[in-house]
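Worksheet for the structure shown next.
Numbering (UniProt numbering), first residue to last: 1 to 343.
Structural data, given as structure tokens:
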């Protein structure tokens, strides 16, 4: 109980016991039938004020408010040191009420208004219930893991009534999921499961408390775009290579087995983000051929073949150069002969 059990005047400590014996219902002793009135529970939110009312009449000789065994007020005298507890002024003659300001969870519990009428003690009991908005007290920190790892996220919250916790994961395409519980386990996590995870704690007392954990998933590069290009001699040609990866991929370009460097042999290499471009400012006959884009990071390495071809080359709908028809015939003949030799 947050209301101070100490007395406002230390000298009154000597008469507390006498006061209880005179007119208060002794602690631990049930009141006789008809001597105790149980009122409804009083429910307030944390931070609000609670008014505890007690009905009296002109025959009352002594009256007091207690919280458990602590005297708050005896008549008009304040016995509690807690400044939040005040005696209500301008109340009716038949009402003896106190107010507890800025109620806290520790104020929750039983309160008793003890009355002495014609030397016969009576009491009115009321139970104060304090509602506390849901609040997240502990949550996992942002985490970075490798693809295939297991991830456990934690979110703890308090509240009265007890807070309900759910996890939400939103994906750009509108997919995702909602899971309930303090702990969220992601088994063999994939790159698609990276992103922000929301922990939402609620208990309908106030707006939900929302916190976010960022999950980053490292994965090796995969080339999502590698398109061959046809460019006439003397024109500017560009080969593009795009790779998704976390951490971001580094790029290298090769022609056959020879690595190309920026600014040498009439080519320029521009790499930014997940894209790299091999630029030819003045395409020559020697520039035509097969190029390899290599993408790498700490998780792995991959490559793709891209062809720079001239106007006379045959290419498919995807822009990839194909062999002339005579070369295709020769290739088919070779494959057929190899297949026949197996038998």
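Beta carbons are placed, not taken as given, at the ideal position from N, Cα and C, and that holds for glycine. Remember, it's a predicted structure, so these values are computed and weren't measured experimentally.
Checklist entry - Looking only at C-alpha atoms, which of 44, 155, 144, 41 sits nearest to residue 211? => result 155
Next on the checklist: For residue 114, list the residues DSSP reports as bridge partners.
Outcome noted: 64, 123
Next on the checklist: Cutting at 8 Å between CB atoms, please list the residues of its own chain near residue 158, excluding the five before and the five after it.
Outcome noted: 132, 134, 135, 137
Checklist entry - If you check the beta carbons only, do residue 221 and residue 300 fall under 8 Å apart? => result yes
Next on the checklist: Looking at the secondary structure, which residues open and close the beta strand (DSSP E) in which residue 179 lies?
Outcome noted: 176-180
Checklist entry - Along the chain, where does the beta strand (DSSP E) that runs through residue 164 open and close? => result 164-170
Item to check | Proximity winner among 296, 253, 50, relative to residue 129 (alpha-carbon distances) | outcome: 50
Checklist entry - With DSSP run on the structure shown, which of helix, strand or coil describes residue 103? => result coil
Next on the checklist: If contacts are defined as beta-carbon pairs under 8 Å, then residue 218 and residue 292 qualify, I think. What distance do you get, rounded to the angstrom?
Outcome noted: Not really, about 24 Å apart at Cβ, beyond 8 Å.
Item to check | Proximity below 8 Å, CB of residue 182 to CB of residue 165 | outcome: yes
Checklist entry - By a C-beta neighbour count over all protein chains shown, 10 Å radius and 16 as the cutoff for buried, is residue 194 buried or exposed? => result buried
Checklist entry - In this structure, does DSSP put residue 286 in helix, strand or coil? => result helix
Checklist entry - Are at least three pairs of beta-carbons, each pair with one atom in the segment 229-243 and one in the segment 171-179, less than 8 Å apart? => result no
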